[in-house]
Each structure stands twice: as C-alpha cells, then as structure tokens.
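Accompanying notes for the structure given below.
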Amino acid sequence: MSLETVTTIAGLRERLKPARQAGKSVGLVPTMGYLHRGHATLVDHARADTDVVVTSIFVNPLQFGPNEDFARYPRDLDADCRLLAAHGADIVFAPSVEEMYPRPIATHIEVESLSARLEGERRPGHFRGVATVVGKLFNIVQPNRAYFGEKDYQQLQVIRRMVADLSFPLEIVGVPTVRDKDGVALSSRNVYLSPVERAAAPVLSRSLAAAAEAIDGGAVDPLDIEAVIRRALAAEPMAEPDLVAVTAADTLEPVDPKVPPPAIALMIAVRIGRTRLIDQRVVAVP
Ligand code: AMP
C-alpha cells in the first residue's frame, strides 16, 4: 500500500473504517514532523506490530509556551512523506491547527503532579498541551497501539499515566532513544544548532554516560549522581544546564538513597546557544 495523506478528522475516520471492520489493528506514531531516524524507528516498530500504520504530523500550539519556538519549529511535509513511504507507513494524518482546534479548546487533560515537576516546572502548561492533543489523537485514530520515544521520558510517563487513569483502550509502546554516531540524541531541534554548537552537543550523552558509570560503581545518592552530571557538563563551556534530574525510573519521584529504586532515570535539559536540548538515560541499579 502506498502512503496516503489525510488532513481532516472525518476523512481519517472514513479511511480507517473498513480496516477496523475487517478486524485489522491500527498503530499510531504521533509526531510534530521534520522527521528523522528516531521517528522512523517508531514507524518501524509500528509496521512490525500492526496492520495499518498511521503517523500524525501536527505542530501542536497547546504545548508551546509563549516564549518558545512554535512559529519557527521546522516543517517539511514533503520530506516527511518520503521518509514515511520508505518506512512503509500507510497514512499520514496532517491536520491544520484550524482542523484540530476550530475554536479555542476549553477541555484539557491534566495529569496532575507528574506534569508539574521537572520539565513541567520549567515549561508550565507543556504536558497539559501534550496530554490533551495525544488524548484527542487517540479519540480520532482509535489505535490499538501508540509509539513514543524514551527521549521524551517524562512525556512517555505522562502518557502512560493518562492512559491508565482514563482507561484508553490501547497499549503504549516506549522506544529507546536513537542517536547519531557521536551519541547526540536525534531531534528535530538539532537543525537550530550552528556547526560549533553541534560539535558541543555530545556533552549531553557524555554526562549521562559518566553518571551511568557512577551508578554501576555503586553510587545511589542523587546528589552525588547529579554532581557527576554537572561536572561533565561543565567541561563544555557552551553548555548551560537547565535541568538535571535523578529520579526513580517508574514514578519520576526523587531517589531515596536508603531505599534505591530498581532503576534510575537521568533526565537533562541543556541550552547550547539559543537551543534547548534534552536527553535521558535509564540505568539499572546493581
Ligand atoms: P516529536 O516530533 O519531537 O514530538 O517526537 C515525536 C515522537 O518521536 C516522540 O514520541 C518522541 O519521543 C520520538 N522521538 C523523537 N526523537 C527521538 C529519538 N532520537 N529516538 C527515539 N524516539 C524519538
């Protein structure tokens, strides 16, 4: 089947009806477009697991703060469609903002506490915007499975919690972060980096590797682990840390060194020039 582009909610429902009636499974990969190998890996997983693969491309204004990059977020639907066709996606759902929000939205999904902490504290309203659009996409597509990257680790936990709390009838699949050869997590925002800034970016994954090594060596005190990350980041003068979090991997609660969790999630956000990059790593506690 070749890739089909659908831009309306009604059109997508119509398009999916026969597949659903035939008992076929539907996989959804929600994205904001400007796709790279990380997104393609989510599509590969969906292609392997489900009969009909839908990728949504929607730069969701609800999840951007007033001083964030909504207007300049990179967009290239033609290139995205080529990548999706090459990876065997069936449908790209690319609605306009007017199609998704014909009037200002009055109904939101708020995953309390989880959304307010860490990245949510730095980006007020961000996870509310994410949960709301993802809940809406789940109602539009009604997928059997939806695929999310671990790169946005807190987002993945917010979605998992929303699905459990509101009994959305689908399975959430988390996919490990896809990286460039030098360790930099692939991100649509990497295009903002100048060559000099791009050369500084491996410091994020390097700092997480140093922390993983410390945990492997027996470190469980979050203050010690955070210090390892900050020290590694300090080696790169262009890197300005915005968030360094050491939490229990499943709950994102602070780590209690007296009762260490089975796995620790390391989450960082670092400014390099004008660009804010994030990275994460989950490390089993030995
Ligand atoms: P975005 O278009 O940035 O909103 O991302 C759409 C989906 O792709 C999200 O579930 C992301 O976590 C996932 N994603 C983005 N970058 C990567 C990556 N480098 N590896 C794996 N998944 C990713």
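Residues 0 to 285 (numbering that gives the first Met the number 0) are what the sequence shown spells out, left to right.
Where a beta carbon is used, it is the ideal one built from N, C-alpha and C, also for glycine.
Three-state secondary structure (DSSP) of residue i
i, result
"Met-295", "The question about residue 295 has no answer here: the residues shown for the chain are numbered 0 through 285."
"Val-254", "coil"
"Val-133", "helix"
"Val-282", "strand"
"Arg-144", "strand"
"Gly-216", "coil"
"Val-172", "strand"
"Phe-92", "strand"
"Leu-242", "strand"
"Arg-122", "coil"
"Met-237", "coil"
"Ile-104", "coil"
"Glu-3", "strand"
"Arg-273", "coil"
"Arg-178", "strand"
"Ala-247", "strand"
"Ala-200", "coil"
"Leu-265", "strand"
"Ala-210", "helix"
"Ala-163", "helix"
"Ile-18", "For the sequence presented, residue 18 should be read as Ala rather than Ile. Reduced to three states, the DSSP call for Ala-18 is helix."
"Ala-184", "strand"
"Pro-221", "helix"
"Glu-109", "coil"
"Glu-149", "coil"
"Ala-9", "helix"
"Pro-194", "helix"
"Leu-155", "helix"
Residue i and residue j closer than 8 Å at C-beta
i, j, result
"Gly-134", "His-125", "no"
"Ile-267", "Leu-203", "yes"
"Gln-62", "Val-132", "yes"
"Leu-41", "Val-58", "no"
"Val-172", "Tyr-146", "yes"
"Pro-261", "Val-254", "no"
"Leu-207", "Leu-265", "yes"
"Gly-272", "Ser-193", "yes"
"Asp-79", "Gly-32", "yes"
"Arg-280", "Glu-239", "no"
"Val-284", "Ile-263", "yes"
"Gly-64", "Arg-122", "yes"
"Ala-234", "Ile-224", "no"
"Val-25", "Val-5", "no"
"Leu-251", "Leu-113", "yes"
"Gly-37", "Gly-148", "yes"
"Arg-144", "Thr-49", "yes"
"Ala-226", "Arg-205", "no"
"Pro-300", "Val-190", "No statement about residue 300 is possible, as the shown extent of the chain runs from 0 to 285 and does not include it."
Any non-hydrogen atom of the ligand AMP closer than 7 Å to residue i Cβ
i, result
"Ser-187", "yes"
"Gly-148", "yes"
"Leu-222", "no"
"Lys-174", "The amino acid occupying residue 174 in the given sequence is Val; Lys does not appear at that position. Yes - the ligand AMP has a heavy atom lying nearer than 7 Å to the Cβ of Val-174."
"Asp-151", "yes"
"His-286", "Residue 286 falls outside the range modelled here, since the chain spans only 0 to 285, and no answer is possible."
"Thr-54", "no"
"Met-99", "no"
"Val-162", "no"
"Thr-7", "no"
"Val-177", "yes"
"Met-31", "yes"
"Leu-41", "yes"
"Ala-244", "no"
"Ala-268", "no"
Would you check if there are 3 or more beta carbon pairs closer than 8 Å linking the region 156 to 168 to the region 9 to 16? Pairwise C-beta distances place the region 156 to 168 out of contact with the region 9 to 16, as fewer than three of them are shorter than 8 Å.
Any contact between the region 193 to 207 and the region 168 to 182? By contact I mean 3 or more CB pairs, one from each, below 8 Å. The region 193 to 207 is in contact with the region 168 to 182.
Please give the ranges of any beta strand (DSSP E) in the region 21 to 86, keeping only runs that are unbroken, at least 3 residues long and fully inside the region. Listed in chain order, the complete beta strand (DSSP E) runs (minimum 3 residues) inside the region 21 to 86 are 25 to 30 and 51 to 56.
Say whether the region 81 to 92 touches the region 42 to 57, bearing in mind that this needs 3 or more beta-carbon pairs closer than 8 Å, one atom from each stretch. Touching, yes, given that three or more Cβ pairs across the two stretches are closer than 8 Å.
Taking three-plus beta-carbon pairs below 8 Å as touching, is the region 89 to 100 in contact with the region 47 to 56? Touching, yes, given that three or more Cβ pairs across the two stretches are closer than 8 Å.
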